[in-house]
Amino acid sequence: AQSVTQLGSHVSVSEGALVLLRCNYSSSVPPYLFWYVQYPNQGLQLLLKYTTGATLVKGINGFEAEFKKSETSFHLTKPSAHMSDAAEYFCAVSEEGGSYIPTFGRGTSLIVHP
Amino acid sequence: DAGVIQSPRHEVTEMGQEVTLRCKPISGHDYLFWYRQTMMRGLELLIYFNNNVPIDDSGMPEDRFSAKMPNASFSTLKIQPSEPRDSAVYFCASSLRNQPQHFGDGTRLSIL
Numbered sequence: 102a103q104s105v106t107q108l109g110s111h112v113s114v115s116e117g118a119l120v121l122l123r124c125n126y127s128s129s130v131p132p133y134l135f136w137y138v139q140y141p142n143q144g145l146q147l148l149l150k151y152t153t154g155a156t157l158v159k160g161i162n163g164f165e166a167e168f169k170k171s172e173t174s175f176h177l178t179k180p181s182a183h184m185s186d187a188a189e190y191f192c193a194v195s196e197e198g199g200s201y202i203p204t205f206g207r208g209t210s211l212i213v214h215p
Numbered sequence: 002d003a004g005v006i007q008s009p010r011h012e013v014t015e016m017g018q019e020v021t022l023r024c025k026p027i028s029g030h031d032y033l034f035w036y037r038q039t040m041m042r043g044l045e046l047l048i049y050f051n052n053n054v055p056i057d058d059s060g061m062p063e064d065r066f067s068a069k070m071p072n073a074s075f076s077t078l079k080i081q082p083s084e085p086r087d088s089a090v091y092f093c094a095s096s097l098r099n100q101p102q103h104f105g106d107g108t109r110l111s112i113l
């Protein structure tokens, strides 16, 4: 069975600082991994995804994530936070060849201070 | 390209009333999902369909909840009778297999 753990329900950074949102997963088969962002009063939007190939994945709005199989991690980073990055971020995993249905983490709220 | 469309965006009704939420998925997508989001429980998968057929409804909380997908372009989630604890944001999402889900903007439901 697959599962996702997002460490920290809230992360607070200053504008211009590095953003690091942590995601660890468990999966019995090669995973597909996703990061979604949710702005207030909106649905989730895809930030980036990893399926196969390059382990460093670049997404929209300057975000990127690195798949580390040995650490079962898929942490999301951005070199310099903007005020507009304040939102809820969700990590999700699905299994190649499995039921496909993704499992979502509980989410991390990113707070950006001026 | 239109995204997933949900209606209504907001619904306020009294306990005991029937509530119907509607969803139009992205054309060509063969998976449709209904989620519920609350502060306490986070994002919960209620039910999903593949090619209009319900595949897993184990997340539906009670028999008061039902979902249908009469055709590839329309789905409903119904609560009858509604209770205050059903208050939440309900999302519909659609996708192709092993592809990212596309979410609607949700229906914010308040049961008084």
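Protein chains in written order, with the numbering used here: chain Y, 102 to 215; chain G, 2 to 113. For glycine and all other residues, C-beta sits at the position ideal for the given N, C-alpha and C. In this text, all values refer to a predicted model and were calculated from it rather than measured experimentally.
Segment contact, 8 Å Cβ cut-off, at least three pairs: the region 118 to 138 of chain Y with the region 153 to 171 of chain Y: yes
Would you decide whether R10(G) is buried or exposed? Buried here means 16 or more other CB atoms lie within 10 Å of its CB. One-based indexing of the second sequence puts residue 10(G) at position 9. The residue is exposed, with fewer than 16 neighbouring Cβ atoms inside 10 Å.
Local Cβ density within 10 Å of H176(Y), reported as buried at 16 or more and exposed below that: In the first sequence, residue 176(Y) corresponds to position 75, counting from 1. Buried.
In chain order, which beta strand (DSSP E) runs of at least 3 residues are fully inside the region 142 to 200 of chain Y? 145 to 151, 157 to 159, 165 to 169, 174 to 179, 188 to 196
Would you say Q103(Y) lies against chain G (beta-carbon separation less than 8 Å)? Counting from one through the first sequence, the residue named residue 103(Y) turns up at place 2. Closer than 8 Å: no.
Identify whether D87(G) lies in helix, strand or coil by the three-state DSSP scheme. The residue you call residue 87(G) lines up with position 86 of the second sequence. Helix, per DSSP.
Comparing C-alpha positions only, which one of S115(Y), G117(Y), V105(Y), E116(Y) sits nearest to R123(Y)? Mapped onto the first sequence, residue 123(Y) falls at position 22. Comparing Cα-Cα distances from R123(Y) to each of S115(Y), G117(Y), V105(Y), E116(Y), the minimum goes to V105(Y).
Can you pull out the residues from the region 110 to 123 of chain Y whose beta carbon lies closer than 9 Å to at least one beta carbon of chain G? none
Beta-carbon spacing of T204(Y), Q103(Y) below 8 Å: Looking up residue 204(Y) in the first sequence gives position 103. Looking up residue 103(Y) in the first sequence gives position 2. Their beta carbons are under 8 Å apart, which means T204(Y) touches Q103(Y) by this criterion.
Nonlocal neighbours in the same chain, by C-beta distance under 7 Å from N53(G), ignoring five residues either side: The residue labelled residue 53(G) in the question sits at position 52 within the second sequence. Excluding sequence neighbours, N53(G) sits near M70, N72, A73.
Check whether the Cβ atoms of L145(Y) and G160(Y) lie closer than 8 Å to each other. On the first sequence, position 44 is the one that residue 145(Y) refers to. On the first sequence, position 59 is the one that residue 160(Y) refers to. Not a contact, by the Cβ cut-off of 8 Å.
With C-beta atoms as the reference, is N125(Y) less than 8 Å away from T178(Y)? Taking the first sequence and counting its residues from 1, the one referred to as residue 125(Y) is at position 24. Taking the first sequence and counting its residues from 1, the one referred to as residue 178(Y) is at position 77. Cβ distance not < 8 Å, so N125(Y) and T178(Y) don't count as in contact.
So, T108(G) versus Q38(G), is the Cβ gap smaller than 8 Å? As a working note, residue 108(G) is residue 107 in the second sequence. As a working note, residue 38(G) is residue 37 in the second sequence. In this structure, Q38(G) does not lie closer than 8 Å to T108(G) by Cβ.
Take S96(G) and list the residues in its own chain whose beta-carbon comes closer than 6 Å to its own, dropping the five residues that flank it on each side. Position 95 of the second sequence, counted from the start, is the residue given in the question as residue 96(G). H30, Y32, Q102, listed in sequence order.
For Y140(Y), count neighbouring Cβ atoms within 10 angstroms of its own Cβ and tell me buried if that reaches 16, exposed if not. For the purposes of this step, residue 140(Y) is identified with residue 39 of the first sequence, where counting begins at 1. Exposed, since its Cβ has fewer than 16 Cβ neighbours within 10 Å.
Taking H111(Y) as the reference, give the member of V158(Y), F191(Y), S195(Y) with the closest Cα. Reading the first sequence from its first residue, position 10 is the one you call residue 111(Y). Comparing Cα-Cα distances from H111(Y) to each of V158(Y), F191(Y), S195(Y), the minimum goes to F191(Y).
Going along the region 135 to 167 of chain Y in order, which residues come within less than 9 Å of chain G, judged by CB to CB distance? F135, Y137, Q139, N142, Q143, G144, L145, Q146, L147, K150, T152
Do we get a CB-CB distance below 8 Å when we pair S195(Y) with the residues of chain G? Indexing the first sequence from 1 puts residue 195(Y) at position 94. So, interface residue.
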